[in-house]
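Read through the structure below, which is laid out as structure tokens, and then see the notes.
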Amino acid sequence: MHTDKATRLQLFDLRLVQTRVFHLTWLAFFVCFFAWFACAPLMPVIRGEFGLTTKQIANINIAAVAITILVRLIIGPLCDRYGPRKTYTGLMLLGAIPVFGVAAAQSYESFLFFRLLIGAVGASFVITQYHTSIMYAPNVVGTANAAAAGWGNAGGGAAQALMPLVLGAVLMFGVGEAFGWRLALLVPGVLMLVMAFLYWRFTQDCMDGNYSDLRAAGKVPDTGKKGGWDSFKLAAGNYRVWMLFVTYGACFGVEIFMHNVVATYFLDNFDLSLKSAGLVAGSFGLLALFARALGGWVSDQVARRGGLDARALVLFVLIVGEGLGLLLFSLMDNFQLAVLSMLAFGLFTHMACGATYALVPFIDRQALGGVAGIIGAGGNVGAVAAGFLLLWVGEVQHTLFILGALVLVSALCAIAVRFSAAHKAREEELYQEALAQRSAQVVGGSA
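Each residue of the sequence shown is one higher than the one before, counting from 7 in this note's numbering.
Here's what the structure looks like:
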């Protein structure tokens, strides 16, 4: 069976299935992430309509990321069983329903309910990482994973910056704020339906085709075990998975927490307008356009000489940088310094996310879906924990300081990720094969 994976990112050759998958999977993640956090920059308006208390807003923020934990745990094994194409399409079709539902909410309780359900689309990240992991070879998979996830993650920043502008455009037609924010929230729901069609139409599960067709032909897709529950059990028994579960909670969890609170934080503490606060908050999320990819690329480059252990060391350094930057940001009471320190710690945060998933394809090739799902869930566990910490502390600035200290402690888990000599030898062999294949392609292309 043909199993060649891409040994380089060829971003402009749409004839290649790897290129189509790469672009459509990050676009799908972008749209899902946009829908996931479309409510966040509009919360000052929504807060006024429903008369929400600080505790109720914290509950909404927790709900937004809580259900994602469960869905991320099961979505990876579902990819092993049904393939990423069917899984992604189904997630976007079902995820559009609560996006439309939240726009129709008439009370705090109904808004909370639909906000909880919207969190399921956060599992799109796992499918994105799964799909690129099976399309790209070891020498470039870290960069591919990080770039796809980073560009998709930018959907959160785009939501922060664009949703207030969408609301403003709606209000220009004479619509009141109470109805305007509801109309604005229809936009991400429609985008999800469009993206579901494109993903179904123009992608395939793996290099050889779709899982259902391969199984019907008596072939087993090269994804490891039987899929489903077997993949989850195999991944859950690997201690490295749980170490990265913690580090991903420390970086992606903090990122999600920031998406939920940063616009309101700047609006309340620095007396900004809704649009200005949204633009500042958006700058944090838009770092993902390059910073996450940069983290994966650095991991790939360092691994050329240092191997898998060097990837873990890169992650450790980035987590430490994130923790120190977060501590600094929490202490800023000057607007300009607050923005600069936010961007600095945001750079480390996004790069750490990329470096985490640059390690994921090498943890256990026999349970890729389970590994990606459990580690992905760790990000949301971190976000939920941060939400409960905010409930307990009662104030965002102090919460951020405590989070900075916890992030520094979590860096120890990155150092704890180690591999056996046999594991490293096996991965090195695959890595050298990928380099040799790439060299042959280059020579063949120039001949």
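In this text, a Cβ means the ideal position worked out from N, Cα and C, and glycines have one as well.
The Cβ-Cβ distance between residue 302 and residue 417 does not fall below 9 angstroms.
A direct Cα-Cα distance of roughly 31 angstroms separates residue 415 from residue 434.
Within the same chain, and ignoring the five residues on either side of residue 208 in sequence, the residues whose Cβ sits closer than 8 angstroms to its Cβ are 26, 30.
When beta bridges are read from the DSSP output, residue 215 appears opposite 212.
Within the segment 366-449, the runs of alpha helix (DSSP H) that reach at least 4 residues and sit entirely inside it are, in chain order, 374-399, 402-421.
The shortest CA-to-CA distance from residue 240 to any of 374, 299, 10 is the one to 374. The closest CA to that of residue 165, considering only 197, 403, 145, 142, is found on 197. DSSP places residue 12 within a strand segment (E or B) once states are collapsed to three. Residue 404 is classed as exposed because its beta carbon has fewer than 16 other beta carbons within 10 Å across all chains shown. Only exposed fits residue 21, as fewer than 16 other CB atoms lie within 10 angstroms of its CB. Cα atoms of residue 32 and residue 376: separation of roughly 20 angstroms, rounded to the nearest angstrom. No Cβ-Cβ contact shorter than 9 angstroms links residue 393 with residue 296. Contact between residue 358 and residue 321 holds, with the beta-carbon distance rounding to 6 angstroms and staying under 8 angstroms. For residue 268, the closest alpha carbon among the candidates 401, 155, 312, 188 is that of 401. Contact between residue 72 and residue 127 is ruled out by a C-beta separation of about 13 angstroms, above the 8 angstroms threshold.
If you look at residue 85, you'll find it in the alpha helix (DSSP H) that goes 60-88. As the crow flies, the alpha-carbon of residue 122 is around 25 angstroms from that of residue 205. Residue pairing by DSSP puts residue 142 in a beta bridge opposite 12.
Under the three-state reduction of DSSP, residue 239 is assigned to helix.
Per DSSP, residue 170 is one residue of the alpha helix (DSSP H) stretching across 147-177. Cβ-Cβ separation between residue 362 and residue 254: approximately 5 angstroms, consistent with a contact (criterion under 8 angstroms). Closest option to residue 291, judged by alpha-carbon separation, among 307, 142, 266, 50: 266. With a cutoff of 9 angstroms on beta-carbon distance, residue 276 and residue 336 are scored as not near each other. Taking all protein chains in view, the Cβ of residue 11 is crowded by 16 or more other Cβ atoms within 10 Å, so the residue is classified as buried. Spatial neighbours of residue 93 in its own chain (CB-CB distance under 6 angstroms, excluding positions within 5 residues in sequence) are listed in chain order as 84, 85, 133.
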